[in-house]
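Q: Before I ask anything, here is the structure I am working with.
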Amino acid sequence: MDPYLDLAIGKTIKELRGSLGISQKELAKDICTQSLISHIESGSNIPNSVLLKLIAEKLGITLDGLLLMSENPTFDQFKKVESKVMRFIEANDYKNALRIIEFEKSTPTYENGGKVKQFFLWAEGVCHYYLTNDFTLAMRLLEQALNSTNNLIFSYQDAQILNSQGILYAEESMLEESTKTFKSILAIKDKVPSHILSISPLLPKVYYNLAKVITMQGKYEESIKYCQEGISYSENMESISVLGELYFQIGLNYEKMQDYKQALLWLKKSQEIYKVKVRNPKWLTIITDKIDEVQFHLK
């Protein structure tokens, strides 16, 4: 091997391991020593192809993919593309997101990188559903995304895919399937690296999505329980990203239970979040209208 490529392989392994939240000890388990992983990452040890293949598989990519990423600095480029696709999806601009995805599917990085391919399969599934309303195709793509890697541990991206499946089940009024999917994320959340969850709003969103589906089933007290768990989790993270939605859902549950005083209390807490801390005029209008409805019942 080219000695410069040896150094690049070590750097790529370190970057991929860090992005997945895997420690050197976890990566080394059953294949080599932690010390050897450390030497490989620093470039002071040249691993053989057998060991490299085992390391690559634990990182969720092929050996060819690892070599390609080491030879060509594509990982940083992927992160830029990933960020652009995410921005389009978050803005509901699925057409432009899909345009980028279709282009990226023709690149070597897509075929060789397990986590890279998994991301694009997930994004493609979400985009196809909201562009064509093809539930079957969307779910098939999401299943392919979940099965596309053999990484060491359940990842943040895996949880994100399951969350999307739960949302699509709810969109199709498949409430039992949706509930089961969201609960499965909560059951295995401890497998996702804690430092990743600590900076992500994903789990509070899962609690909120689950609570919404349970409200749709008429189980208002159970929905409130999951909202409270989501609020507790958000407060421990010092995150307000989903707090307003969780407060709103509690208020909605109390309204459906005809406890209008409690409903008003929680709706106003939600309103305060969107007035002071989170700029979202659309949500603020929805909450304000709901407050007016509840206040009418209190007259």
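The UniProt record's numbering puts the first residue of the sequence shown at 1, with every later residue one more than the last.
Think of the CB as a built atom: it goes at the ideal place given N, C-alpha and C, for glycine as much as any other residue.
Just the Cα atoms here: how many angstroms apart are ASP289 and GLN118?
A: In the sequence shown, residue 289 corresponds to position 289, counting from 1. In the sequence shown, residue 118 corresponds to position 118, counting from 1. Taking the straight line joining both Cα atoms gives about 40 Å.
Q: Does the Cβ-Cβ distance between TYR220 and MET174 come in under 7 Å?
A: Here the question's residue 220 lines up with position 220 in the sequence shown. Here the question's residue 174 lines up with position 174 in the sequence shown. Contact flag unset, no.
Q: Closer than 7 Å by C-beta to MET216: which residues in its own chain qualify, once you throw out the five before and the five after it? Chain order, please.
A: Taking the first residue of the sequence shown as position 1, residue 216 is located at position 216. Correct list, in chain order: LEU175.
Q: So is ILE231 in contact with chain C if we call contact Cβ pairs under 7 Å?
A: This model lacks chain C altogether, as it is built from one protein chain only.
Q: Can you tell me which of LEU146, ASN147, VAL126 puts its alpha carbon nearest to the alpha carbon of LEU137?
A: Stepping through the sequence shown from its first residue, residue 137 is reached at position 137. For LEU137, the nearest C-alpha among the options comes from VAL126.
Q: Less than 8 Å between the CB atoms is what I'm expecting for ILE100 and VAL81, so what's the real figure, rounded?
A: Locating residue 100 in the sequence shown gives position 100, where the first residue counts as 1. Locating residue 81 in the sequence shown gives position 81, where the first residue counts as 1. So it is a contact: roughly 7 Å between Cβ atoms.
Q: When DSSP labels each residue in this structure, what does ASP259 get in the three-state scheme?
A: Within the sequence shown, the letter at position 259 stands for residue 259. In this structure, ASP259 counts as coil in the three-state DSSP scheme.
Q: Pick helix, strand or coil for SER44, following the three-state DSSP scheme.
A: Mapped onto the sequence shown, residue 44 falls at position 44. Residue state, collapsed to three classes: coil.
Q: Where does the unbroken alpha helix (DSSP H) through GLN217 begin, and where does it stop?
A: As a position in the sequence shown, residue 217 is number 217, starting the count at 1. Unbroken run through GLN217: none, as it is neither H nor E.
Q: Could you spell out where the alpha helix (DSSP H) holding ARG279 opens and where it closes?
A: Position 279 of the sequence shown, counting from 1, holds the residue named residue 279. Segment: none, ARG279 is in no alpha helix (DSSP H) and carries neither H nor E.
Q: Write down the C-beta distance between GLU41 and GLY10 rounded to the nearest angstrom, noting that I regard them as a contact closer than 8 Å.
A: Stepping through the sequence shown from its first residue, residue 41 is reached at position 41. Stepping through the sequence shown from its first residue, residue 10 is reached at position 10. That belief holds up - the Cβ atoms of GLU41 and GLY10 are roughly 5 Å apart, short of 8 Å.
Q: Excluding the 5 residues preceding and the 5 following GLY166 in the sequence, name in chain order all residues of the same chain whose CB lies nearer than 7 Å to its CB.
A: In the sequence shown, counting from the first residue as 1, residue 166 sits at position 166. These residues qualify, in order along the chain: SER178, THR181, PHE182, ASN209.
Q: Quick one: grab the DSSP three-state call for ASP134.
A: Here residue 134 refers to the residue found at position 134 when the sequence shown is read from its first residue. Coil.
Q: From LYS269 to LEU51, what does the alpha carbon distance come to, in whole angstroms?
A: Start at 1 with the first residue of the sequence shown, and residue 269 comes out as number 269. Start at 1 with the first residue of the sequence shown, and residue 51 comes out as number 51. Going from the Cα of LYS269 to the Cα of LEU51 covers about 55 Å.
Q: Using the Cβ count rule (16 or more neighbours within 10 Å means buried), how would you classify GLU245?
A: As a working note, residue 245 is residue 245 in the sequence shown. Answer is buried; the Cβ neighbour count reaches 16.
Q: Note down, in chain order, each residue of its chain lying with its Cβ closer than 7 Å to the Cβ of GLN34, except the 5 sequence neighbours on either side.
A: Residue mapping note: residue 34 aligns to position 34 of the sequence shown, counting from 1. Cβ neighbours of GLN34 beyond the five flanking positions: GLN24, LYS25, ALA28.
Q: Under 7 Å Cβ to Cβ from PHE255, same chain only, skipping five residues before and after it: list those, please.
A: As a first step, residue 255 is located in the sequence shown; it is residue number 255 there, counting from the start. A small fix is needed here, since residue 255 is Glu in this sequence, not Phe. Excluding positions up to five away in sequence, the list reads ALA263, VAL294.
Q: Closest by CA to LEU59, which one among ASP134, ALA187, THR285, GLU15?
A: Counting from 1 along the sequence shown, the entry for residue 59 is found at position 59. The candidate whose alpha carbon is nearest that of LEU59 is GLU15.
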